[in-house]
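Residue numbers (our numbering): 238 to 678.
Read the structure below first, then the notes.
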């Protein structure tokens, strides 16, 4: 078996080496690029892998691309396996891609996890541009993201945030008691002398998962219940964590599609399908619960707190499903919202807090602004945000320097040209937001 695998990999290596030397740009073709004013190709590519090894080293990928941008300019080409990709690193070109030619950059490149986890890319965050994506976006916006819905969900966010701060306060206040022991269900652990160590990244992760899950399904304290041993919540948390990990990692077929059989052999596809089945079961049970609730109240869902599933079921007759059944339509949106809305928010909050703790002068200015515009007798409300200019700048700068996803990957739907780089063969757009010099400041 091992000998067969070695021989198979050797054959693949020879095949791709032959392909590389046929397809790799030669010196003459590079000269032609310059003559035709096409985006330059970065040096350092290797056979088969292209520039992949440069992005998989110890340095962060967006730092690597920032250095290449310093050398090759605001737009240049790299090769990721067999895929040619354009790297854009200036705001002028980003504006042209996302504003002037936005219709050409509406799709994201698919990968194995995306296809399996999101009903063959039928989720709002991952579906290709088309009638189904437009309908999903419209429903998601109207039932989750409009100003009216956000205002109506204020109580949900305030309730979850208040519960977490209360638990954090109790944890810190009781730590001064020498007889206090912090249980396994707490969000921190004692480190001696009345101090408590709190893992804020886990705290933010739990908080954001609670808020998003409650807005989507009405389920309360799912993250907290998982930590405290509730079996249903623990299972949900594990499935979400597994799905997020799969979505964030690449497998062999994502780089070399013809080697997809290796993903089956190594068990990647089987593990993804198992997690996708569990996700489908969880979201399916949520939809069933809401349908049964609607039957009990004879379709009157105006009583009590209305979540995303309630609202979507109530307007199902008005939705254009485009070949998708109603349950799958709702489940696919749930997948995108929960996977895309919880982890990214918690990572951003963790970066903001860590930067504030390491820059105490900035923290003091933010506290002074809060004291001036909010005071110490009440919590911050949505209406205060416009007055908190300095705090807003902190959040924006943190997200600019330490983005949740520093590289944005988009597939082009049609051939296009970006500024003077006419005829550049674009498949995927990668955008580092800053040059390498700024990362060290």
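Don't be surprised by glycine CBs; every beta carbon is placed ideally from N, CA and C.
Here the structure is a predicted model, which is why all the values come from computation and not from measurement.
(Q) Which same chain residues end up closer than 7 Å to residue 291 when comparing Cβ atoms and leaving out the 5 residues on each side of it in sequence? (A) Locating residue 291 in the chain shown gives position 54, counting from the first residue. Only 281, 301 meet the Cβ criterion.
Q.
Does the structure place the region 627 to 638 close enough to the region 581 to 599 that three or more beta carbon pairs sit under 8 Å?
A. yes
Q) If you measure from the CB of residue 375, is any heavy atom of the ligand SAH nearer than 8 Å? A) Inclusion of the ligand SAH in the displayed structure is not the case, the ligand content being empty and no account of it being possible.
Q | Close Cβ partners of residue 588 (< 6 Å) along its chain, the five nearest in sequence each way excluded | A | Locating residue 588 in the chain shown gives position 351, counting from the first residue. 635, 639.
**Q.** Limits of the beta strand (DSSP E) - the one that residue 317 falls within
**A.** Position 80 of the chain shown holds residue 317. Start and end: 312 to 317.
Q. Any idea what DSSP makes of residue 283, helix, strand or coil?
A. Residue mapping note: residue 283 aligns to position 46 of the chain shown, counting from 1. DSSP places residue 283 in strand when its eight states are reduced to three.
Q. Residues in its own chain within less than 6 Å of residue 360 by CB, not counting five upstream and five downstream?
A. Along the chain shown, read from residue 1 onward, the residue named residue 360 stands at position 123. So the qualifying residues of the chain are 569, 572, 573.
Q.
Is the separation between the beta-carbon of residue 525 and that of residue 454 shorter than 9 Å?
A. Counting from 1 along the chain shown, the entry for residue 525 is found at position 288. Counting from 1 along the chain shown, the entry for residue 454 is found at position 217. No, the Cβ-Cβ distance between residue 525 and residue 454 is not below 9 Å.
Q: Indicate the three-state DSSP secondary structure (helix, strand or coil) for residue 275 in the structure shown.
A: Stepping through the chain shown from its first residue, residue 275 is reached at position 38. Here residue 275 sits in coil by DSSP.
Q) Would you call the region 397 to 405 and the region 595 to 611 touching, i.e. three or more CB-CB distances under 8 Å? A) no
Q) What residue does the beta strand (DSSP E) around residue 324 start on, and which one ends it? A) Locating residue 324 in the chain shown gives position 87, counting from the first residue. It spans 320 to 325 - the beta strand (DSSP E) in which residue 324 sits, taken as one unbroken run.
**Q.** Entirely enclosed alpha helix (DSSP H) segments - the region 542 to 588, minimum 4 residues
**A.** 545 to 551, 563 to 578
Q) When you compare each of 542, 583, 551 to residue 392 by their alpha carbons, which one comes out closest? A) Counting from 1 along the chain shown, the entry for residue 392 is found at position 155. Minimum Cα distance to residue 392 is reached at 542.
Q: Indicate the three-state DSSP secondary structure (helix, strand or coil) for residue 434 in the structure shown.
A: Position 197 of the chain shown holds residue 434. Look at residue 434 here: in three-state DSSP terms it is strand.
Q) Assuming residue 185 and residue 493 make a contact with CB atoms under 8 Å, what is their CB distance in whole Å? A) No answer is possible for residue 185: the residues shown for the chain start at 238 and end at 678.
Q: Tell me, please, which residues DSSP counts as bridged to residue 638.
A: As a working mapping, residue 638 is identified with position 401 in the chain shown. According to DSSP, residue 638 shares a beta bridge with no other residue.
Q. With distances taken from CA atoms, which of 384, 390, 435, 386 is nearest residue 409?
A. Within the chain shown, residue 409 is the residue found at index 172, counting from 1. If we check each option's Cα against that of residue 409, 435 comes out closest.
**Q.** residue 340 versus residue 532: straight-line alpha-carbon distance, rounded
**A.** For the purposes of this step, residue 340 is identified with residue 103 of the chain shown, where counting begins at 1. For the purposes of this step, residue 532 is identified with residue 295 of the chain shown, where counting begins at 1. So the alpha carbons of these two residues sit roughly 42 Å apart.
Q) Over what stretch of residues does the alpha helix (DSSP H) that includes residue 368 continue unbroken? A) Looking up residue 368 in the chain shown gives position 131. Residues 368 to 377.
Q: Please say whether residue 500 and residue 489 have beta carbons closer to each other than 9 Å?
A: In the chain shown, the residue the question calls residue 489 occupies position 252. In the chain shown, the residue the question calls residue 500 occupies position 263. The answer is yes: Cβ separation under 9 Å.
Q.
Taking the straight line between their C-alpha atoms, what separation do you get for residue 476 and residue 485?
A. Within the chain shown, residue 476 is the residue found at index 239, counting from 1. Within the chain shown, residue 485 is the residue found at index 248, counting from 1. Their backbone Cα atoms lie some 14 Å apart in a straight line.
Q) For residue 483, which of 465, 504, 337 has the nearest alpha-carbon? A) Within the chain shown, numbered from 1, the residue matching residue 483 stands at position 246. Checked all of 465, 504, 337; the closest Cα to residue 483 is 504.
Q: Below 7 Å CB to CB, which residues in the same chain sit around residue 347 once its five sequence neighbours on both sides are set aside?
A: By 1-based counting over the chain shown, the position of residue 347 is 110. Excluding sequence neighbours, residue 347 sits near 358.
Q.
residue 354 and residue 345 - do their beta-carbons sit closer together than 9 Å?
A. Here residue 345 is taken as the residue at index 108 of the chain shown, counted from 1. Here residue 354 is taken as the residue at index 117 of the chain shown, counted from 1. No, these two residues do not count as a Cβ contact at 9 Å.
(Q) I'd like the span of the alpha helix (DSSP H) that includes residue 298, first residue to last. (A) The residue labelled residue 298 in the question sits at position 61 within the chain shown. Taken as a continuous stretch (DSSP letters only), the alpha helix (DSSP H) holding residue 298 covers 298 to 309.
Q: Classify residue 474 as buried or exposed, calling it buried when 16 or more other Cβ atoms lie within 10 Å of its own Cβ.
A: Along the chain shown, read from residue 1 onward, the residue named residue 474 stands at position 237. Residue 474 is buried by the Cβ-count criterion.
**Q.** Span separating the alpha-carbon of residue 467 from that of residue 457
**A.** Locating residue 467 in the chain shown gives position 230, counting from the first residue. Locating residue 457 in the chain shown gives position 220, counting from the first residue. Approximately 12 Å, taken between the alpha carbons.
**Q.** Same chain only: Cβ atoms within 7 Å of residue 335, ignoring 5 sequence neighbours per side
**A.** Along the chain shown, one-based indexing puts residue 335 at 98. Cβ within range, chain order: 342.
Q.
Which same chain residues end up closer than 7 Å to residue 553 when comparing Cβ atoms and leaving out the 5 residues on each side of it in sequence?
A. Taking the first residue of the chain shown as 1, we reach residue 553 at position 316. Only 563 meet the Cβ criterion.
**Q.** Same chain only: Cβ atoms within 7 Å of residue 421, ignoring 5 sequence neighbours per side
**A.** As a first step, residue 421 must be located in the chain shown, where it is residue number 184. Residue confidence is low: residue 421 scores 43 on pLDDT, short of 50, so the model does not pin down where it sits. Its coordinate-derived value is still stated next. Taken in chain order, the list of residues that qualify is empty.
Q) For the alpha helix (DSSP H) that residue 597 lies in, which residues bound it at each end? A) For the purposes of this step, residue 597 is identified with residue 360 of the chain shown, where counting begins at 1. 597 to 610 is the extent of the alpha helix (DSSP H) around residue 597.
Q. Closest by CA to residue 516, which one among 497, 329, 472?
A. Here residue 516 refers to the residue found at position 279 when the chain shown is read from its first residue. Per the Cα distances, 472.
Q. Is the CB of residue 406 under 9 Å away from at least one CB in chain B?
A. Chain labels in this structure do not include chain B; a single protein chain is all it has.
Q.
So, with DSSP's three-state summary, where would you put residue 520?
A. Stepping through the chain shown from its first residue, residue 520 is reached at position 283. Three-state DSSP puts residue 520 in a helix.
(Q) Helix, strand or coil, according to DSSP, for residue 363 in the structure here? (A) Translated into the one-based positions of the chain shown, residue 363 becomes position 126. The answer is coil: DSSP assigns residue 363 none of H, G, I, E or B.
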